[in-house]
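Each remark here refers to the structure printed beneath this line.
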Amino acid sequence: MAIKSHVQTTINGETVEFLCESRQSLLEVLRDELHLTGAKEGCNNGNCGACSVILDGRLVNSCLVLGVETEGKSVETIEGLAAPDKLHPIQDAFLENAALQCGICTPGFIMSTKALLDSNPNPTEHEIRYWLAGNLCRCTGYDKIVRAVQDAAKASA
Amino acid sequence: MQAFEYIAARTVPEAVALLDEKGEKARILAGGTDLIVQVREARRDVDWMIDIKAIPEVNVLAYDAEAGLTLGAAVPCYQIYAEADICDAYPGIIDATKIIGGTAIQGRAGVGGNLCNASPAADCIPPLIVLNATCVIAGPNGERDIPVEAFCTSPGQTALEKGEMLVALKIPAPQNNSSSFYLRFIPRNEMDIAVVGAGASVTLDDAKQTIVSARIALAAVAPTPLFAEEASALLAGRELSDEAIDAAAQAAQAIARPISDMRGTAEQRTHLVGVLTRRALNGAIQRVLDA
Numbered sequence: 000m001a002i003k004s005h006v007q008t009t010i011n012g013e014t015v016e017f018l019c020e021s022r023q024s025l026l027e028v029l030r031d032e033l034h035l036t037g038a039k040e041g042c043n044n045g046n047c048g049a050c051s052v053i054l055d056g057r058l059v060n061s062c063l064v065l066g067v068e069t070e071g072k073s074v075e076t077i078e079g080l081a082a083p084d085k086l087h088p089i090q091d092a093f094l095e096n097a098a099l100q101c102g103i104c105t106p107g108f109i110m111s112t113k114a115l116l117d118s119n120p121n122p123t124e125h126e127i128r129y130w131l132a133g134n135l136c137r138c139t140g141y142d143k144i145v146r147a148v149q150d151a152a153k154a155s156a
Numbered sequence: 000m001q002a003f004e005y006i007a008a009r010t011v012p013e014a015v016a017l018l019d020e021k022g023e024k025a026r027i028l029a030g031g032t033d034l035i036v037q038v039r040e041a042r043r044d045v046d047w048m049i050d051i052k053a054i055p056e057v058n059v060l061a062y063d064a065e066a067g068l069t070l071g072a073a074v075p076c077y078q079i080y081a082e083a084d085i086c087d088a089y090p091g092i093i094d095a096t097k098i099i100g101g102t103a104i105q106g107r108a109g110v111g112g113n114l115c116n117a118s119p120a121a122d123c124i125p126p127l128i129v130l131n132a133t134c135v136i137a138g139p140n141g142e143r144d145i146p147v148e149a150f151c152t153s154p155g156q157t158a159l160e161k162g163e164m165l166v167a168l169k170i171p172a173p174q175n176n177s178s179s180f181y182l183r184f185i186p187r188n189e190m191d192i193a194v195v196g197a198g199a200s201v202t203l204d205d206a207k208q209t210i211v212s213a214r215i216a217l218a219a220v221a222p223t224p225l226f227a228e229e230a231s232a233l234l235a236g237r238e239l240s241d242e243a244i245d246a247a248a249q250a251a252q253a254i255a256r257p258i259s260d261m262r263g264t265a266e267q268r269t270h271l272v273g274v275l276t277r278r279a280l281n282g283a284i285q286r287v288l289d290a
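Top to bottom, those sequences are chains P and U.
Heads up: the first sequence at position 75 corresponds to 74 in numbering that gives the first Met the number 0, and the numbers run straight through without jumps.
Heads up: the second sequence at position 204 corresponds to 203 in numbering that gives the first Met the number 0, and the numbers run straight through without jumps.
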């Protein structure tokens with residue numbers, strides 16, 4: 000039985016404690032230990048962005064962060080985005096623009112979009128496409144996602 | 000992923016002592032975007048990961064117009080291109096940090112890690128070479144400095160000895176009428192690995208008509224990134240002209256020793272060295288002219 004470390008971190012504004020092995024990624028901790036299954040495992044090597052979360056205000060691939068590295072840090076996941084009874088404007092914009100089909104990439108795209116709009120509330124299409132380059136979608140062809148991000152930016156203005 | 004022990008070092012001596020004690024199965028963890036994937040895919044056998052991100056010296060990002068830039072080994076890309084004065088002084092580095100992976104990778108990955116990973120295709124290394132960067136290395140016997148072009152020894156291998164770690168990169172302050180540029184060829188628009196990369200720095204005279212000095216470096220055309228020393232020397236004292244640029248590009252092609260692989264053939268890579276060297280030089284020159 001491998002040794003587990005005790006980690007205290009803030010997830011979606013709440014203090015959370017968990018035990019994990021050093022080899023467990025933040026993605027594995029979120030999904031397997033904390034049962035926050037919004038972040039998805041796609042490639043598990045930093046190419047697809049399905050596991051995107053926000054760590055201390057920066058977008059990261061949670062598959063490329065160790066759970067033990069999050070001691071004392073703040074993590075934002077898709078589960079913390081919306082108020083309990085209402086979708087977040089980014090989620091609304093993705094629905095209205097049909098910016099998802101199978102949905103596996105969607106939590107990652109939405110967290111990536113949130114990080115973009117937090118830092119750049121009025122991005123150009125060029126900026127949107129480059130910012131989202133690390134999020135792959137095999138269904139939509141991306142145009143609907145770009146339009147959703149543009150609508151979300153307008154809705155938040 | 001294999002089991003390993005995670006240790007967050009607080010000081011450089013602590014990290015050095017751990018590296019020295021644990022030997023080659025210990026690795027430094029900075030951004031982790033290469034290391035974690037390598038361990039997960041069993042391409043690297045690691046028993047100890049020594050996280051250095053809590054060490055003050057590796058987080059330094061300090062630019063001074065006279066002293067130049069000190070870039071801590073763990074500073075992530077996004078912090079570098081967020082600094083306007085660093086973007087102005089070292090645009091070649093900025094070109095590279097903005098194209099390594101996507102946004103999420105740039106949130107963790109840094110120039111120091113890109114160097115220590117020692118990929119022949121590393122985007123950050125050609126600009127470091129053309130900007131005369133020095134590696135500040137700490138080890139059991141104290142600190143030593145080596146020029147960045149001597150750091151990579153073969154794919155994935157570096158000049159770091161047992162117990163040594165990269166602490167920071169130091170880049171001299173830019174001279175008057177100088178600039179730098181980096182670009183790569185990839186078949187996509189982003190999120191890809193260089194088929195060939197080329198960096199250039201140039202210093203022009205006050206009239207901006209003659210090249211005082213230039214440096215050219217190449218990625219993905221040899222087992223390590225290359226400093227194209229002869230090609231660079233050809234430009235010193237030459238008036239700005241297409242002929243001078245072409246001569247340097249041909250000399251750069253002459254030192255390329257590319258392989259053929261899934262990303263491109265040796266023939267294509269050799270051709271690209273000429274094209275990209277011209278573009279890198281002209282890009283750096285244009286930045287001086289526009290300043």
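Even for Gly, the Cβ is constructed at its ideal location relative to N, Cα and C.
What you are looking at is a predicted structure, and each value in this text was computed from that prediction instead of being measured.
- C-alpha of P/Gly-56 to C-alpha of U/Asn-188: approximately 26 Å in a straight line.
- With a cutoff of 9 Å on beta-carbon distance, U/Thr-69 and U/Ala-197 are scored as not near each other.
- Within chain U, the residues whose beta carbon sits less than 8 Å from that of P/Gly-48 are Gly-101, Ala-103, listed in sequence order.
- Three or more beta-carbon pairs separated by less than 8 Å link the segment 77-90 of chain P to the segment 107-116 of chain P, which places the two stretches in contact.
- Around P/Ala-98, no beta-carbon contact reaches into chain U at under 8 Å, the shortest distance being about 18 Å.
- P/Asn-44 reaches chain U at Val-36, Arg-39, Glu-40, counting residues in chain order whose Cβ is nearer than 8 Å.
- Secondary structure note for P/Glu-16: its beta strand (DSSP E) is the uninterrupted segment 13-19.
- The secondary-structure analysis by DSSP pairs U/Leu-203 across a beta bridge with U/Ile-210.
- U/Phe-226 places its beta carbon less than 9 Å from that of U/Ile-128.
- According to the DSSP assignment, U/Glu-13 belongs to no beta strand (DSSP E) but to the alpha helix (DSSP H) extending over 11-21.
- Boundaries of the alpha helix (DSSP H) harbouring U/Pro-125: 124-129, taken from the DSSP string.
- Using a Cβ-Cβ distance cut-off of 8 Å, the segment 101-110 of chain U and the segment 65-79 of chain U are in contact, since at least three pairs of beta carbons, one from each stretch, lie closer than that value.
- In this structure, P/Leu-29 is the residue among P/Leu-29, P/Ala-49, P/Ile-2, P/Arg-22 with its C-alpha nearest to the C-alpha of P/Thr-8.
- No Cβ-Cβ contact shorter than 9 Å links U/Glu-82 with U/Leu-114.
- Rounded to whole angstroms, U/Ile-54 and P/Gly-71 show a C-alpha spacing of 16 Å.
- Annotation: P/Ser-4 is outside any alpha helix (DSSP H); the continuous beta strand (DSSP E) that includes it extends over 4-10.
- Taking 9 Å as the Cβ-Cβ cut-off, the segment 48-82 of chain U approaches chain P at Met-48, Asp-50, Lys-52, Pro-75, Tyr-77, given in chain order.
- In this structure, P/Ala-38 and P/Ser-61 form a Cβ contact; the two beta carbons are roughly 5 Å apart against a cut-off of 8 Å.
- Sixteen is the threshold: when 16 or more other Cβ atoms of the shown chains lie within 10 Å of the Cβ of U/Cys-134, as they do, the residue is buried.
- Assigned with DSSP and collapsed to three states, U/Cys-151 falls in strand.
- Of all residues in the segment 76-89 of chain P, none places a beta-carbon less than 7 Å from a beta-carbon of chain U.
- Residue P/Ala-151 holds the alpha-carbon nearest to the alpha-carbon of P/Ile-127 among P/Cys-104, P/Ala-151, P/Cys-138.
- In the three-state DSSP reduction, U/Gly-100 falls in the coil class, being neither helix nor strand.
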